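Chemist: Sending over a structure as structure tokens; questions will come in a sec.
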Amino acid sequence: MPAGLLLAAALLAGAAPAAAPVRPILAGYDVVEATRSVTPAGERNAGTAGSVRVAGSRARWELPHGSFPRSSASVAIADGPLVTLLDTKESLAASATPDDFTALFHGRPATGGSAAASLRDVFVRLAPGGKGRAFEARPTSKFVLEARWTLVLTTTGRVARVTTEIKGTIETLDEPAATSVFDDLGRLLPARAEAADALSAELAKLPGLPVSAAFDVTSKATAEQPGMPSGTEPPPRPVETRQTVTRRLSNLSLRPGAAADDALFVIPESFHSRGLDRIVPGDPP
């Protein structure tokens, strides 16, 4: 055999097999989010419970019972900035933005109308609170959130003010493999415009995976007619609404990624793509 062929054969024999693609760790956990509201009209409870699985920049949130608020979707799949909602009963899929997904939880702000709205005295602060409670035998870090702002609504001959205060605690776990866009705690809180921006900026400082969060939200509404004498009658008591918002994770698991995991984050071929309004019909702002 010529020397060149011998050399080529030797090189082929010693060549290492192509390396398998490196797959991200597959993380999974159960999550329960709940909101209890007490208003002058009565008490209302709402929430979601399901499982989340995360692989790199992709995540899947699935509800075994019911659907996400304001929608018929029971599955949400995130791939980078894109969120796809799946209606598993009707085999429908609809693309959404992160803002669309957030709007499922507290609706969209009102547009138009005769009232002029403005936010004043916006204050948001997230501060370290030391060690948190152990989460499944692993240490956590605790953070304290404080926020307040006043929404002023002005119409002809009337000014209404709604002052909102939030106090809460958050515990996070140092587990980067399990974090995803579904960790956004801001979607659970009733903040708009500049208040939402300030809240997002502070919550973005949270390190790790939020495994526990509890917030007390108080809103007080007052109304007045500028220029009118107060008279001898005492001002009416503010109308007050209280909310308790909680988020709890459990059963965290981690394992090496596998090729079969890809099926978790793709839209089944049997599903039909539709506009978002087919799955999220909308509700009064």
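Residues 0 to 284, numbered by numbering that gives the first Met the number 0, are exactly what the sequence shown covers, in order. Ideal Cβ positions, reconstructed from N, Cα and C, are used throughout, including at glycine. Here the structure is a predicted model, which is why all the values come from computation and not from measurement.
(1) Given that a residue counts as buried once 16 or more other Cβ atoms are within 10 Å of its Cβ, and exposed if not, what is residue 182?
(2) Compare the beta carbon distance of residue 256 and residue 76 with 8 Å and say whether it is the shorter of the two.
(3) Applying the 10 Å Cβ sphere with the 16-neighbour rule, what's the burial state of residue 6?
(4) Return the first residue and the last residue of the beta strand (DSSP E) that residue 43 is part of.
(5) Using CA atoms only, rank isn't needed, just tell me which of 128, 120 and 240 is closest to residue 40.
(6) Applying the 10 Å Cβ sphere with the 16-neighbour rule, what's the burial state of residue 261?
(7) What does a CB cutoff of less than 8 Å around residue 46 pick up in its chain, not counting 5 residues either side in sequence?
(8) Please state whether the Cβ-Cβ distance between residue 102 and residue 84 is less than 8 Å.
(9) When the Cβ atoms of the segment 172-180 are set against those of the segment 157-164, are three or more pairs found closer than 8 Å?
(10) Using alpha carbons as the reference points, say which of 154, 94, 201 and 158 lies closest to residue 169.
(11) Using the beta-carbon count (16 or more within 10 Å), is residue 120 buried or exposed?
(12) Please return the same chain residues whose Cβ sits closer than 6 Å to the Cβ of residue 134, not counting the five positions on each side in sequence.
(13) Tell me, which residues are paired with residue 35 by DSSP?
(14) Among 207, 244 and 206, which residue has its Cα nearest to the Cα of residue 217?
(15) Quick one: what's got a C-beta closer than 6 Å to residue 265's C-beta in the same chain, skipping five residues either side?
(16) Measuring alpha carbon to alpha carbon, tell me which residue in 68, 278 and 224 is nearest residue 44.
(17) What is the DSSP secondary structure of residue 97, counted as helix, strand or coil?
(18) Roughly how far, in whole angstroms, is the beta-carbon of residue 184 from the beta-carbon of residue 28, given that I think they are within contact range, below 8 Å?
(19) Taking DSSP as the reference, what is the three-state secondary structure of residue 62?
(20) Do residue 116 and residue 152 have their C-beta atoms closer together than 8 Å?
(21) The beta strand (DSSP E) spanning residue 78 covers which residue range?
(22) Is it right to say residue 137 is buried, meaning 16 or more other beta carbons lie within 10 angstroms of its own, or is it exposed?
(23) Alpha helix (DSSP H) containing residue 277: first to last residue?
(24) Once DSSP output is grouped into helix, strand and coil, what is the label at residue 196?
(25) Which residues share a DSSP beta bridge with residue 119?
(26) Which residue comes first and which comes last in the beta strand (DSSP E) that contains residue 89?
(27) With a Cβ-Cβ cutoff of 8 Å, do residue 118 and residue 193 count as a contact?
(28) With a cut-off of 8 Å on the beta carbons, I'd call residue 128 and residue 143 a contact; round off their distance for me.
(29) Considering only the alpha carbon of each residue, which of 147, 158, 52 and 22 lies closest to residue 221?
Modeler: With the structure as the only source:
(1) To locate residue 182, count along the sequence shown from 1; it is residue 183. Answer is buried; the Cβ neighbour count reaches 16.
(2) Working through the sequence shown from its first residue, we reach residue 256 at position 257. Working through the sequence shown from its first residue, we reach residue 76 at position 77. No, these two residues do not count as a Cβ contact at 8 Å.
(3) Locating residue 6 in the sequence shown gives position 7, counting from the first residue. At residue 6 the pLDDT is 49, less than 50, meaning the model places this residue with poor confidence; the figure from the coordinates comes in the next sentence. Flag for residue 6 reads exposed.
(4) The sequence position of residue 43 within the sequence shown is 44, counting from 1. Start and end: 41-54.
(5) Residue 40 sits at position 41 when you count from the first residue of the sequence shown. Selected option, being the one with the closest Cα: 240.
(6) Taking the sequence shown and counting its residues from 1, the one referred to as residue 261 is at position 262. Counting Cβ neighbours within 10 Å, residue 261 comes out exposed, since fewer than 16 surround it.
(7) Indexing the sequence shown from 1 puts residue 46 at position 47. The answer, listed in chain order, is 31, 32, 33 and 34.
(8) Within the sequence shown, residue 102 is the residue found at index 103, counting from 1. Within the sequence shown, residue 84 is the residue found at index 85, counting from 1. Contact flag unset, no.
(9) no
(10) The count along the sequence shown starts at 1 and reaches residue 169 at position 170. For residue 169, the nearest C-alpha among the options comes from 201.
(11) Looking up residue 120 in the sequence shown gives position 121. Counting Cβ neighbours within 10 Å, residue 120 comes out exposed, since fewer than 16 surround it.
(12) Here the question's residue 134 lines up with position 135 in the sequence shown. These residues qualify, in order along the chain: 172 and 210.
(13) Residue mapping note: residue 35 aligns to position 36 of the sequence shown, counting from 1. In DSSP, residue 35 forms a bridge with 44 and 243.
(14) Indexing the sequence shown from 1 puts residue 217 at position 218. Closest option to residue 217, Cα to Cα, is 244.
(15) Looking up residue 265 in the sequence shown gives position 266. Contacts found: none.
(16) For this step, residue 44 is matched to residue 45 along the sequence shown. Checked all of 68, 278 and 224; the closest Cα to residue 44 is 68.
(17) As a position in the sequence shown, residue 97 is number 98, starting the count at 1. Helix at residue 97.
(18) Within the sequence shown, residue 184 is the residue found at index 185, counting from 1. Within the sequence shown, residue 28 is the residue found at index 29, counting from 1. Going by Cβ atoms, the distance from residue 184 to residue 28 rounds to 15 Å, so no, they are not a contact pair.
(19) Position 63 of the sequence shown, counted from the first residue, corresponds to residue 62. In the structure shown, residue 62 sits in coil (DSSP, three-state: anything other than H, G, I, E or B).
(20) Against the sequence shown, residue 116 aligns to sequence position 117. Against the sequence shown, residue 152 aligns to sequence position 153. Contact: yes.
(21) In the sequence shown, counting from the first residue as 1, residue 78 sits at position 79. Residue 78 -> beta strand (DSSP E) spans 74-78.
(22) Residue numbering aside, residue 137 sits at position 138 when the sequence shown is read from its first letter. By the 10 Å Cβ count, residue 137 comes out exposed.
(23) Translated into the one-based positions of the sequence shown, residue 277 becomes position 278. Residues 275-278.
(24) For this step, residue 196 is matched to residue 197 along the sequence shown. Here residue 196 sits in helix by DSSP.
(25) To locate residue 119, count along the sequence shown from 1; it is residue 120. Answer is 149, bridged to residue 119.
(26) By 1-based counting over the sequence shown, the position of residue 89 is 90. Residue 89 -> no beta strand (DSSP E), and no H or E assigned at all.
(27) Residue numbering aside, residue 118 sits at position 119 when the sequence shown is read from its first letter. Residue numbering aside, residue 193 sits at position 194 when the sequence shown is read from its first letter. Yes, Cβ-Cβ distance for residue 118 and residue 193 is below 8 Å.
(28) The count along the sequence shown starts at 1 and reaches residue 128 at position 129. The count along the sequence shown starts at 1 and reaches residue 143 at position 144. Between residue 143 and residue 128 the Cβ distance is about 4 Å, and since that is below 8 Å, they are a contact.
(29) One-based indexing of the sequence shown puts residue 221 at position 222. Residue 221 has its Cα closest to that of 158, out of 147, 158, 52 and 22.
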